[in-house]
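Participant: Questions regarding the structure given below will be posed in turn.
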Ligand SMILES: [Mn+2]
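Residue numbers (my numbering): 7 to 283.
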């Protein structure tokens with residue numbers, strides 16, 4: 007059984023279409039989505055429709071939850087109120103109800119391993135856990151919480167949210183970030199050391215392969231990291247509809263987060279000088 011795990015489409019229709027085509031070409035039986043289908047890009051509705059049609063499991067990301075719920079806009083800062091209104095203007099009531107109804111977590115067995123999926127962490131859908139975080143922080147990603155389906159410690163965790171694909175082994179457990187379909191970026195960028203920015207700005211997803219529903223017998227299991235190019239300029243043709251036009255185009259074209267100061271703060275917390283890596 008091959009399962010494609012996609013995440014963080016963020017309203018990028020060209021990236022999603024290229025990814026689904028790639029999945030089809032590879033004869034992958036199932037597609038699971040870890041959330042954040044909307045926000046940032048100008049095609050949230052089209053992306054929701056494609057996700058609904060193609061994904062057997064769809065989880066709720068922080069932006070799915072945030073932009074589909076009611077807000078008291080008077081309490082929000084002007085820029086934020088504008089952002090909420092803009093994102094909501096592209097969704098129907100049915101879309102919003104659908105996003106609100108999505109589950110937090112999904113679990114299944116593959117070749118004798120308990121695989122757990124969620125958007126960001128098992129305790130909240132908006133906390134970034136980075137590849138650079140310490141092993142004891144990463145270990146917490148495997149632990150059960152009130153949001154998980156079972157109260158077991160997972161063997162394999164696949165999550166999204168940070169838009170940065172990686173795999174790590176922590177105490178003989180496997181932690182994978184699927185990367186982002188529509189808004190990929192690396193968490194470390196350095197103008198002198200960076201190679202081809204398009205390498206980063208591809209759609210990223212992960213393929214799991216193993217024996218589905220096998221709880222006991224530890225058989226072969228495969229993790230494949232996919233990077234699929236897509237037509238970035240075509241996606242940006244509608245960018246004047248985007249209130250975040252410039253920062254959005256910057257992210258798609260450079261594979262770099264618009265607000266690197268926030269990322270750098272995370273590194274500072276870890277005692278890492280971003281200029282020295
Ligand atoms: Mn997210």
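Don't be surprised by glycine CBs; every beta carbon is placed ideally from N, CA and C.
Could you please give me the residues that DSSP links to residue 154 through a beta bridge?
Facilitator: Residue numbering aside, residue 154 sits at position 148 when the chain shown is read from its first letter. Residue 154 pairs with nothing; no bridge assigned.
Participant: Report yes if the C-beta distance between residue 133 and residue 174 is below 8 Å; otherwise report no.
Facilitator: Here the question's residue 133 lines up with position 127 in the chain shown. Here the question's residue 174 lines up with position 168 in the chain shown. No, these two residues do not count as a Cβ contact at 8 Å.
Participant: Considering only C-alpha positions, which residue in the set 148, 255, 26 is nearest to residue 127?
Facilitator: Working through the chain shown from its first residue, we reach residue 127 at position 121. Nearest option by C-alpha distance: 148.
Participant: At a cut-off of 7 Å, would you count residue 68 as near ligand 1, judging by its Cβ distance to the nearest heavy atom?
Facilitator: Translated into the one-based positions of the chain shown, residue 68 becomes position 62. Yes, ligand 1 has a heavy atom inside 7 Å of this Cβ.
Participant: Taking the beta strand (DSSP E) that residue 22 falls in, what are its first and last residues?
Facilitator: The residue labelled residue 22 in the question sits at position 16 within the chain shown. Segment 19-31 is the alpha helix (DSSP H) holding residue 22; no beta strand (DSSP E) there.
Participant: For the pair the segment 46-57 and the segment 77-92, tell me if three or more CB-CB distances fall below 8 Å.
Facilitator: Because the criterion of three Cβ pairs below 8 Å is not met, the segment 46-57 and the segment 77-92 do not touch.
Participant: Buried or exposed, going by whether 16 or more other CB atoms sit within 10 Å of the CB of residue 140?
Facilitator: Taking the chain shown and counting its residues from 1, one reaches residue 140 at position 134. By the 10 Å Cβ count, residue 140 comes out exposed.
Participant: Verify whether the separation of the beta carbon atoms of residue 125 and residue 172 is less than 8 Å.
Facilitator: Within the chain shown, residue 125 is the residue found at index 119, counting from 1. Within the chain shown, residue 172 is the residue found at index 166, counting from 1. Contact flag unset, no.
Participant: Please classify residue 74: is it buried, with 16 or more other beta-carbons within 10 angstroms of its beta-carbon, or exposed?
Facilitator: Here residue 74 refers to the residue found at position 68 when the chain shown is read from its first residue. With 16 or more Cβ atoms within 10 Å of its Cβ, residue 74 is classed as buried.
Participant: With a threshold of 7 Å, establish whether the CB of residue 14 neighbours any heavy atom of ligand 1.
Facilitator: The residue given as residue 14 occupies position 8 in the chain shown. Yes; taking the cut-off as 7 Å, the Cβ of residue 14 has a heavy atom of ligand 1 nearer than that.
Participant: At what residues does the beta strand (DSSP E) containing residue 57 begin and finish?
Facilitator: Mapped onto the chain shown, residue 57 falls at position 51. Note, residue 57: premise wrong, no beta strand (DSSP E); alpha helix (DSSP H) at 50-60.
Participant: Residue 29 and residue 37 look like a contact to me (Cβ under 8 Å); what is the Cβ gap, rounded to whole Å?
Facilitator: Looking up residue 29 in the chain shown gives position 23. Looking up residue 37 in the chain shown gives position 31. With a Cβ gap of about 6 Å, residue 29 and residue 37 count as contacting.
Participant: Report the CB separation of residue 241 from residue 21 in whole angstroms; it is logged as a contact under 8 Å.
Facilitator: Locating residue 241 in the chain shown gives position 235, where the first residue counts as 1. Locating residue 21 in the chain shown gives position 15, where the first residue counts as 1. Rounded, the Cβ-Cβ distance is 7 Å, consistent with contact.
Participant: Check whether the Cβ of residue 167 lies closer than 7 Å to any heavy atom of ligand 1, and answer yes or no.
Facilitator: Walking along the chain shown from the start, residue 167 turns up at place 161. Yes, ligand 1 has a heavy atom inside 7 Å of this Cβ.
Participant: Let's see if you can read the secondary structure: which residues bound the beta strand (DSSP E) around residue 212?
Facilitator: Within the chain shown, the letter at position 206 stands for residue 212. 209-215 is the extent of the beta strand (DSSP E) around residue 212.
Participant: Along the chain, where does the alpha helix (DSSP H) that runs through residue 104 open and close?
Facilitator: As a position in the chain shown, residue 104 is number 98, starting the count at 1. Counting along the chain, the alpha helix (DSSP H) containing residue 104 begins and ends at 99-107.
Participant: In whole angstroms, give me the CA-to-CA distance for residue 2 and residue 65.
Facilitator: Residue 2 lies beyond the range of the chain shown here (7 to 283); nothing can be said about it.
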